[in-house]
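Numbering (the numbering used here), first residue to last: -18 to 173.
Written below as structure tokens is the structure these notes are about.
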């Protein structure tokens, strides 16, 4: 339980930093933005949305101070989106394409026995970002490109060909945020 909470607290710091830079990021042509501090992931919509989803779904695991930091970051993110519908959609679809291609490369390596289940714990973050971006684009006023669901379905079909169901692979404390019927790809791992 502590490992999951500690990682959530790290997510709070990351989301706060990302939200602070989101307005400038959305105005830029950069897809993978550099964060100002070391040890931080690249600034992307997928990275932000994946963490925001997790933090909001699991807020009861956080202290009141961390919950307040998260709420402030979410408000800052939402403010950055004002009057940037097209910019957000464009950047989100560009990132979706990149994340899908990255996951396709992982699956290619898996089929050719160059990837293992060990790599999956890292690679699955791509799938989580894909899901988070799609969920955001399915909310008004945004529009998800029609080709995206079929591309993701092809990814999932390929993954299922190698799939071995098992227990939840992320910290146990996070499981309530990721029900197995929707996030099946977090309950097991592929075998080459």
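Quick reminder that beta carbons are idealized off the backbone N, C-alpha and C, glycines included.
Review point. Could you check where the beta strand (DSSP E) with residue 63 kicks off and where it finishes?
Key: Here residue 63 belongs to no beta strand (DSSP E), and DSSP marks it neither H nor E.
Exercise for review: Name the residue from 38, 66, 51 and 155 whose alpha carbon lies nearest to the alpha carbon of residue 125.
Suggested key: 66
Exercise for review: Examine the Cβ distances between the region 8 to 16 and the region 35 to 50 and report whether three or more of them are shorter than 8 angstroms.
Suggested key: no
Practice item. Could you tell me which of 136, 55, 155 and 162 sits nearest to residue 146, measuring between CA atoms? Key: 162
Check your understanding: Exposed or buried, what is residue 32 when buried is set at 16 or more other beta-carbons lying within 10 Å of its beta-carbon?
Key -> buried
Check your understanding: Is residue 84 near residue 30, with beta carbons less than 7 angstroms apart?
Key -> no
Point to revise | Straight-line Cα distance separating residue 105 from residue 141 | key: 13 angstroms
Check your understanding: Taking just the CA atoms, how far does residue 93 sit from residue 61?
Key -> 42 angstroms
Check your understanding: What do you get for residue 89, buried or exposed, if any count of 16 or more other CB atoms within 10 angstroms of its CB means buried?
Key -> exposed
Review point. Below 8 angstroms, can you find three or more Cβ-Cβ pairs linking the region 45 to 63 to the region -14 to 2?
Key: yes
**Study point:** Minimum C-alpha distance to residue 27 - residue among 157, -6 and 115
**Key:** 115
Check your understanding: When the Cα of residue 171 is compared with those of 109, 102 and 77, which residue comes out closest?
Key -> 102
Check your understanding: Going along the chain, which unbroken runs of the beta strand (DSSP E) with 3 or more residues stay wholly within the region 65 to 117?
Key -> none
Point to revise | Contacts around residue 73, its chain only, beta-carbon distance under 6 angstroms, and the 5 residues preceding and following it disregarded | key: 26, 114 and 118
Review point. In its own chain, which residues sit with a C-beta less than 8 angstroms from the C-beta of residue -10, not counting the 5 before and 5 after it?
Key: 43 and 47
Review point. Which ranges would you report for the beta strand (DSSP E) in the region 113 to 162 if only whole runs of at least 3 residues count?
Key: 144 to 149
Exercise for review: Check each candidate in -5, 91 and 153 and name the one with the smallest Cα separation from residue 53.
Suggested key: -5
Check your understanding: With C-beta atoms as the reference, is residue 6 less than 7 angstroms away from residue 17?
Key -> no
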